[in-house]
Amino acid sequence: MASIQAGFDPFSVEYFDNPYDTYRHMRAEAAVYYSEKYDFYALTRHRDVAAAFKDHEAFSSASGTMLEEVLSGEKAQQSIISMDPPDHRRMRGLVNKVFTPRAIRAQETLVRNTVDRYLAAVDPRKFDVVAEFSALFPVEIITTMLGVPTENRQQIRLWLDTLLERQPGQMAMSEAGMDAALKTAMLYFNLIQERRAEPGDDMISGLIAADIERDDGITRLDDIEIAGFCTLLGGAGAETVTKLVGNAVVHFSRHPGQWRALRSDRSKIPAAIEEVLRYDPPVQYDVRCTRRDVTVGDTTIPAGKAVLLLIGSANRDEEAFPDADRFDIDRDRTVAQNLGFGYGVHSCLGAALARLESSIALDRLLDLMPEFDVDEHALRRVRMTSVAGYSHVPVQVTP
Ligand code: HEM
């Protein structure tokens with residue numbers, strides 16, 4: 012097991028700017044990587060990452076989903092994503108009811124209207140796809156579904172950015188991040204009180220009214236549980252689609268032939284989204300904690316260790332996807348599981364909504380910018396924990 016050669020630091024500028032070269036070295040030299048600096052392990056191969064996602068008994072989510080939570084032993088928040096079965100199964104059963112395929116299809120008009128509203132406001136010749144569009148519309152959709160008043164919706168995104176942001180070398184949340192987390196929780200907490208007094212037809216009211224089975228019988232969710240779920244949805248539902256759309260535009264600008272192919276055959280849009288999700292996934296890693304000693308390859312990871320499941324590396328593993336570093340919307344997607352939405356019990360609850368939002372966004376962008384160039388020098392990447400992508404993607408539409 013090598014740890015130094017590959018030099019993997021998820022809080023370094025090199026990593027923020029381009030994780031894929033590091034991943035390639037890791038898969039070759041240290042497929043099960045140990046970071047002495049932070050005291051975590053990282054799995055890089057597709058088969059190991061997929062197996063760990065499936066084995067929730069050995070690789071537990073219950074210590075938290077951020078590296079700092081697992082390393083410090085202090086879980087910041089209780090929510091579905093940081094539960095193991097059987098608690099997770101019960102909670103997932105409940106929220107699945109709110110996220111049925113039918114419920115998501117019913118959001119199509121909201122999604123179309125929101126996407127159109129933001130695109131109508133940009134200069135159609137020259138605009139920033141992320142800062143002026145993809146950063147703005149997903150949070151608007153999920154917070155509308157939750158029942159957040161209009162004036163607070165974009166604020167939730169700004170707090171979220173602060174909460175996830177990391178300076179090079181900074182693993183834990185900043186003071187400003189903690190303050191933002193607190194303000195977000197308070198906003199939801201107050202909203203829950205209002206909906207308890209006067210229910211509406213939004214998701215918060217639905218969660219208040221839902222029954223959940225527990226060890227001691229059927230009960231309702233308490234305020235902390237509902238606020239935790241809202242915070243998770245507001246986060247997971249916003250940052251990720253923002254980045255998927257930004258990444259898509261960058262990769263299509265580098266593969267204009269595939270953009271043209273998509274324009275002439277829109278039925279390829281779902282495949283295009285899956286390929287962006289494989290090639291450059293917005294969620295680069297999920298964190299687990301080993302509940303017992305686990306042997307992966309020839310390395311034994313002791314119990315109680317933080318383990319990063321490197322989705323971004325697994326999706327570029329040649330053993331799973333032939334010619335994995337090639338962006339190709341026509342590739343055979345049946346050869347291996349795309350891990351971009353996770354895998355196993357925690358696999359993305361919002362995947363159907365994410366696919367709906369991304370496909371409507373891409374469809375509209377194909378109309379708005381049939382031919383375009385990205386100003387590569389002006390591209391800016393975020394410096395955040397767990398997620399990766401661009402904060403600025405300026406495009407010039409070719410007349
Ligand atoms: C491109 C967009 C998205 C990506 C790449 C993505 C990715 C992921 C991944 C990798 C996980 C697994 C986490 C783990 O195993 O620890 C996950 C879980 C989850 N996602 Fe998403 N997500 C996206 C969009 C959304 C949206 C739009 C929502 C909701 C509106 C959402 C809500 C959730 C929730 C609630 C979970 C936790 C599920 C559980 O613990 O059972 N996600 N997502």
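Numbering-wise (the working numbering), the sequence shown opens with residue 12 and increments by one. Think of the CB as a built atom: it goes at the ideal place given N, C-alpha and C, for glycine as much as any other residue.
When DSSP states are grouped into helix, strand and coil, L171 belongs to the helix group. Given a length threshold of 4 residues, each whole run of the alpha helix (DSSP H) inside the region 45–92 is given here in chain order: 57–65 and 78–83. The nearest non-hydrogen atom of the ligand HEM is 7 Å or more from the C-beta of V140. At a cut-off of 7 Å, the beta-carbon of L255 counts as near the ligand HEM: some heavy atom of the ligand is closer than that.
As the crow flies, the alpha-carbon of K137 is around 23 Å from that of S275.
Distance from the C-beta of G84 to the nearest heavy atom of the ligand HEM is not below 7 Å.
With respect to P293, V126 sits apart: the two C-beta atoms are not nearer than 8 Å.
Note on geometry: alpha-carbon atoms of S264 and D234 lie some 45 Å from one another. By the C-beta density criterion, E382 is exposed, having fewer than 16 other C-beta atoms within 10 angstroms. With distances taken between CA atoms, P149 lies nearest to T253 out of P210, F22, T253 and A117. Taking Q348 as the centre and dropping the five residues before and after it, the same chain places the C-beta of A61 and Y354 closer than 7 Å to its C-beta, in chain order. Rounded to whole angstroms, the Cβ separation of A314 and T301 is 5 Å, and the two are in contact under 8 Å.
Within the same chain, and ignoring the five residues on either side of A221 in sequence, the residues whose Cβ sits closer than 8 Å to its Cβ are L105, K108, V109, R231 and L232. Approximately 21 Å separates the beta-carbon atoms of I92 and L367; this is outside 8 Å, ruling out the contact. Restricting attention to beta strand (DSSP E) runs no shorter than 3 residues, the region 98–141 encloses them at 137–139, ordered along the chain.
Checking the 7 Å criterion, the Cβ of L364 is within range of a heavy atom belonging to the ligand HEM. Every alpha helix (DSSP H) of 4 residues or more that sits fully in the region 256–344 is shown, in chain order, as 267–275, 280–290 and 322–325. When DSSP states are grouped into helix, strand and coil, Q407 belongs to the strand group.
Counting C-beta atoms within 10 angstroms of its own C-beta, P333 has fewer than 16 neighbours from the protein chains shown and is therefore classed as exposed. Bounds of any beta strand (DSSP E) do not take in T396, whose DSSP letter is neither H nor E. The C-alpha of P410 is placed about 45 Å away from the C-alpha of H357. Put simply, the backbone Cα of L175 is about 22 Å away from that of A259. Under DSSP, R225 forms a beta bridge with G228. In terms of CA proximity to F27, M182 leads the group M182, C241, P160 and A272. Boundaries of the alpha helix (DSSP H) around F148: F148 to L157. Per DSSP, F22 lies in no alpha helix (DSSP H) and is assigned neither H nor E. I280 has its CB no nearer than 7 Å to any heavy atom of the ligand HEM. Shortest Cα-Cα distance from T311 to any of F19, S23, D32 and L54 involves L54. Short of 7 Å from the beta carbon of M380, and not among the five residues preceding or following it, lie these beta carbons of its own chain, in chain order: V406 and V408.
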